[in-house]
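Heads up, the thing below is written out as structure tokens.
Residue numbers (my numbering): 160 to 402.
And the structure:
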């Protein structure tokens, strides 16, 4: 045991994996939200980009006041700057969404299979850390605790992949911050458990979750929510990342 408190620090260099390639989301990347079972909102959320559910039907998209296009290929919503798709819409939508869901699952598998550079950083508590590009792995949950932020520092071509075997939780008011030119399209959160972004918290990057996403009141994301179950929003701002 240490007799006095001691602060540990370490240096990792500019990147853990200098040649790390982004995860290819393929056609799943055409959607800012893609879910298999449901998308719900407490109005009024603000969503920029297309959203879709499959194999679920449009009845599992709730709170959006959907208006069907005359073609029945898509619907619109006052909360969505984009189009809304479901598996029971007219062709070619069902086949398009089947492919997108398959691509989402392949992207999840790709992210989960990358060799980690750093394991169990902070024992799953990454509050107030600045992280260089690389692959980070946790065998349980990952938390951004209250009154903290996480900074991802790197360039426009750098990539971060976070592999989380448990749940990923951001406390209310916390944030993921990009610096040095880092781009949300190159940040991937591969989460086996649930993703919970609490009140007014802000997330950056592409969420690939095997279960669901809950975005609480006033939360926001610059990125995509790609969930193998459901996505729940509450007056949430969702903006697709810059290409």
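C-beta: ideal position from N, C-alpha, C; glycine also.
TODO: Rank 398, 388, 332 and 302 by C-alpha distance to the C-alpha of residue 363 and give the top, closest one.
DONE: It is 398 whose Cα lies nearest to the Cα of residue 363.
TODO: Would you check if the distance between the CB atom of residue 372 and the CB atom of residue 386 is smaller than 7 Å?
DONE: Contact annotation: residue 372 and residue 386 have beta-carbon atoms nearer than 7 Å.
Open item on the list: Using the three-state DSSP reduction, which class does residue 412 fall into: helix, strand or coil?
Closed with: Because the chain in this structure spans residues 160 to 402, residue 412 falls outside the shown range and cannot be described.
Task: Other residues of its chain near residue 402: CB distance less than 8 Å, five sequence neighbours each side excluded - done: Once the five neighbours on either side are set aside, the close Cβ partners of residue 402 are 344.
Task: Residue from 309, 231, 206 and 294 whose Cα sits closest to the Cα of residue 277 - done: Looking at the Cα atoms, 294 is the closest of the given residues.
Task: residue 314 burial status per 10 Å Cβ neighbour count (16 or more: buried) - done: Flag for residue 314 reads exposed.
Open item on the list: In whole angstroms, give me the CA-to-CA distance for residue 228 and residue 234.
Closed with: About 5 Å.
Open item on the list: Does residue 318 come out as helix, strand or coil in the three-state DSSP assignment?
Closed with: Coil.
Open item on the list: Am I right that residue 206 and residue 212 are in contact with their C-beta atoms under 8 Å? What's the rounded C-beta distance?
Closed with: Their Cβ separation, rounded to whole angstroms, is 14 Å, which puts residue 206 and residue 212 out of contact at 8 Å.
- [ ] May I ask you to report which of helix, strand or coil DSSP gives residue 168?
- [x] Low confidence applies to residue 168: its pLDDT is 40, below 50, so where it sits in the model is not reliable enough to give any reading.
- [ ] Name the two residues that bound the continuous beta strand (DSSP E) containing residue 338.
- [x] First-last of the beta strand (DSSP E) with residue 338: 334–338.
TODO: Take residue 279 as the anchor and find which of 347, 323 and 395 has the nearest alpha-carbon.
DONE: Ranking the options by Cα distance to residue 279, first place goes to 323.
Task: Limits of the unbroken beta strand (DSSP E) element including residue 175 - done: First-last for residue 175: undefined, no H or E at that position.
- [ ] Let me know the alpha helix (DSSP H) ranges lying completely inside the region 243–282, each 4 residues or longer, listed in chain order.
- [x] Qualifying alpha helix (DSSP H) stretches, in chain order: 252–272.
Task: residue 287 (DSSP reduced to helix, strand or coil) - done: Looking at residue 287 - three-state DSSP - the assignment turns out to be coil, as it is neither helix nor strand.
Open item on the list: Taking 7 Å as the limit between beta carbons, can you name the residues of its chain near residue 237, skipping five residues before and five after?
Closed with: Correct list, in chain order: 224.
Task: For residue 327: DSSP bridge partner residues - done: Per DSSP, 301 and 354.
Open item on the list: How far does the beta strand (DSSP E) with residue 382 in it extend, from its first residue to its last?
Closed with: Note, residue 382: beta strand (DSSP E), 379–386.
- [ ] Please determine, among 374, 201, 400 and 389, the residue with the shortest C-alpha to C-alpha distance to residue 383.
- [x] Minimum Cα distance to residue 383 is reached at 400.
Task: residue 197 and residue 262 closer than 7 Å at C-beta - done: Result no, Cβ atoms of residue 197 and residue 262 do not sit closer than 7 Å.
Task: Nearest-angstrom Cα separation, counted from residue 296 out to residue 290 - done: The alpha-carbon atoms of residue 290 and residue 296 are separated by roughly 13 Å.
Open item on the list: Checking the sheet assignment: what are the DSSP bridge partners for residue 393?
Closed with: Beta-bridge partners assigned by DSSP to residue 393: 201.
TODO: Could you tell me whether the Cβ atoms of residue 283 and residue 272 are closer together than 7 Å?
DONE: For residue 283 and residue 272, no; Cβs fall outside 7 Å.
TODO: Count the other CB atoms, across all protein chains shown, that sit within 10 Å of the CB of residue 304; report buried if there are 16 or more and exposed otherwise.
DONE: Exposed, by the Cβ-count rule.
TODO: Could you check what DSSP says for residue 188 in three-state terms: helix, strand or coil?
DONE: Reduced to three states, the DSSP call for residue 188 is helix.
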